[in-house]
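Down below is the structure, laid out as structure tokens.
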Amino acid sequence: MSFYSPYRWCVALNCKNSTLKTPEKLFINVPTDVSMRNVWLELAGRDPVKYSKKSHLYLCEDHFDLEQDMENYMQYKIMGSVKKIRMKPGIIPSKFNNIPIVSPGQEAESSSTSVQPGSSTSHVVEVEEDENISHKADKEVQVQIMPVMEYKAVQVHLSAHYRSKATQINLKVRHSTTSPIKLSTSVATSPLIKMSTIDVPSTSGITRPAKRKLSTLFEDQSDSEISFTPSVSGSTSQDFSPIKVTTSDSSLPEEIQRDKKTNLENTILKIKKKPRLYIGIPKELYFLLNIIQTQTNISEANILLCLTKIRLNSSFSQISDGFGLSLSQASKLFSTNIIPISKVMLPFIRSFTTESIKLNLPIAFRHRYNKVSCIIDCLEIEIQKPTNAVHQALTWSEYKKANTIKYLVACTPDGLISFISAGYGGRVTDVHLFEHSKFLDTLPSNTCVLADRGFKHIETYLSKKNITLLRPPSVGSGSKLSKAEVRQTKEIASLRIHVERVIRRIREFAFLKPHSVVNINLVHLLDECITTACALINIQDSLIK
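Each residue of the sequence shown is one higher than the one before, counting from 35 in my numbering.
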């Protein structure tokens, strides 16, 4: 975290350092004391008169010996940063190159002297000027030039960066005295593609390649590389680096489309090999996709996309890569197609007659619980915290300690899902959910319903249709269960385990896991997703072996 102002710049003459160009450098505040402030500004080549005493000025670390001048230098080196830079008392900047010392009253007109590169022989140039240079102007200025040592042998011709729109080539310009000699490559032994060259008369003496169409040089190649080496004898002060020439990008979209098609084919092939793993459908019932496709006019790929999202809960970024789509396309296809798919799958969730239930009654129910028609329980799925305060309160679950959507699920004794309610906020009670879910309308009369202790107050509603509620006995505070009640509790718990196994199969769909944290933008599709999942569970292998 930075403790300094957003932008600071060095006040020293000819110093270009700032927090934008050199953010890693330290910037020391010029003292507010008038005498010390004037000394610092004069050393920096600035006229103190031109700056307000209240203005914040800075010098960068290049003008100090931080190890000797900075009081908390060790803390800075160890920690990497300090909250406040503390300089030792009386410290003045000492590192200035070619900066004239200006007396108060006028700022220096000339800031530095430069040594122009001349002959190529190596020698040391020492620049010394008289101590006092006077210019007759409005006021007299005293300028002292500091000696500068420069080695002319390593001087390099610098030129401004220029990019030609015609050639789109970056030329590396080097000085002839420091440029390494490059050996030419023999065409007879070179593995590169042969290319004819034409010597063009030029003052620079550079051999340039002939202008020929790429289609005649390279056949059946989309990306080509052409390289050439300039002759050593005619070279002066420039040499060219290898030039990369690429053909038109017209084939790029075709290649992208080809890759997307390949990804889609691989994804579909992978799902067909293991449909139970990727979409929750047994391999022998894969033809169900054709029925869905016929009923909804949705393509097979889009159906697989929706089922994969429910089964694996992969992000839309991963799904879009697998199905050769963009992120927005994958999201829109899921939101659009899951609703008609759930309508086609809804008939797989149905209530059964008393006779059909008794024909498939497990052995554990046949002696004392042969009138049980269904087992009920509730499940909750965590969602993202809504932004609306009312929705936050309605979806808050004290049991899960999170914002959830709650469902009532019922299954037959042999493990088939016979009812799944619409989603309610996690705050709703089990009794309220049972009352408003219209589940009572699906129950046949003169039967029994197996439930948990949480459904204690639904007997009033069941008695209207002459339905018996079987649940573990309630335990009052300070009282104990009798032996008969303990035995009954164990029996009911062993039979209720089937609805827990059904809920476990629902949780195999990652989108419906307890802590999947469904995106708030997909909550309105949660009913369709759980309906589709329950229908797929009913066509899987039997729950009770």
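No residue lacks a Cβ here, since even glycine has one placed at the ideal position from N, Cα and C.
Bounds of the beta strand (DSSP E) holding Ile-454 are 451–454. When DSSP reads this structure, Cys-412 sits in a beta bridge with Leu-442.
Annotation: Ser-115 to Pro-82 spans about 30 Å, alpha carbon to alpha carbon. The beta carbon of Phe-399 sits closer than 7 Å to those of Val-406, Pro-447, Leu-529, all from its chain and outside the five residues before and after it, given in chain order. In the three-state reduction of the DSSP assignment, Thr-502 falls in the strand class, which pools E and B. Scanning its chain for C-beta atoms nearer than 8 Å, with the 5 sequence neighbours on each side dropped, one finds around Arg-402 the residues Glu-525, in chain order. Taking all protein chains shown into account, Thr-66 has fewer than 16 neighbouring C-beta atoms within 10 Å of its C-beta and is therefore exposed.
For Arg-384 and Asn-572, the gap between their C-alpha atoms comes out near 10 Å.
If the five residues before and after Glu-318 are omitted, its C-beta is found closer than 6 Å to no C-beta atom of its own chain. Under the DSSP assignment, Tyr-403 falls outside any beta strand (DSSP E); it carries neither an H nor an E label.
Bridge pairing for Met-108: absent [DSSP].
Contact annotation: the segment 91–103 touches the segment 48–66, with at least three C-beta pairs closer than 8 Å.
Counting along the chain, Leu-361 sits inside the alpha helix (DSSP H) bounded by residues 361–379.
If you compare the alpha carbons of Leu-361, Cys-49, Asp-486 with that of Leu-442, the shortest gap goes to Asp-486.
A distance of 9 Å or more separates the beta carbons of Glu-469 and Tyr-433. Among the bridge pairs identified by DSSP, Val-483 is matched with Cys-408, Leu-503. Tyr-320 and Asn-500 have their C-alpha atoms some 42 Å from each other.
Residue state for Phe-543 is assigned as coil, using DSSP reduced to three classes.
Membership of Ile-578 in any beta strand (DSSP E) is not indicated, and neither H nor E is assigned to it by DSSP. An exposed status is given to Glu-288, since fewer than 16 other beta-carbon atoms sit within 10 Å of its beta-carbon. Judged by their CB atoms, Met-104 and Lys-122 are nearer to each other than the 9 Å cut-off. Under the criterion of beta carbons closer than 8 Å, Ser-455 and Ser-471 qualify as touching, at roughly 4 Å.
For Ile-439 against Glu-414, the beta-carbon gap comes to about 7 Å, under 8 Å, which counts as contact.
Contact annotation, Pro-420 with Ile-302: C-beta distance approximately 37 Å; criterion of less than 8 Å not satisfied.
Ser-390 and Thr-296 have their C-alpha atoms spaced approximately 48 Å apart. Rounded to whole angstroms, the gap between the alpha carbons of Thr-429 and Arg-461 is 5 Å.
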